[in-house]
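Working notes, beginning with the structure itself.
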Amino acid sequence: MIEEPFPYEVLEHADEAFLTSTMVEVMPITEIEGEMNVTLPIGPITKKLKALFKEEAQ
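For the sequence shown, the working numbering assigns the number 9 to the initial residue and increments by one for each residue that follows.
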């Protein structure tokens, strides 16, 4: 895994985005404010990961 900062411009071309952690599990990113305002849908990959995580956690 590589963790590094990336420019806001990358989000302009994203179909969806999400964060993962032990506290939030899988959390969709739907809005980003800053140098540019970006609104993203909760996409099929995020929905699938949330469902799989929930299923595995039970």
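For each residue, glycine too, the CB sits at the ideal point set by N, CA and C.
Beta-carbon proximity list for residue i, same chain, < 8 angstroms, skipping 5 on both sides
| i | result |
| --- | --- |
| Glu33 | Lys58, Phe61, Lys62, Ala65 |
| Lys56 | none |
| Gly42 | Tyr16 |
Sequence-distant residues of the same chain with beta carbon closer than 7 angstroms to residue i, five excluded per side
| i | result |
| --- | --- |
| Ala22 | Leu48 |
Residue environment, residue i, which counts as buried when at least 16 other CB atoms sit within 10 Å
| i | result |
| --- | --- |
| Val46 | buried |
| Phe26 | buried |
| Thr30 | exposed |
| Thr54 | buried |
Residue i Cβ short of 7 angstroms to the ligand HEM heavy atom set
| i | result |
| --- | --- |
| Asn45 | The ligand HEM is absent from the structure shown, which contains no ligands of any kind. |
6 angstroms CB neighbourhood of residue i in its chain, flanking five on each side removed
| i | result |
| --- | --- |
| Ile50 | Pro36 |
| Thr28 | Val34 |
(request) Only counting runs of 4 or more residues, tell me where the alpha helix (DSSP H) segments fall wholly within the segment 16-49, in order along the chain. (result) As summarised for the segment 16-49, the continuous alpha helix (DSSP H) elements at least 4 residues long and confined to that stretch are 17-20, given in chain order.
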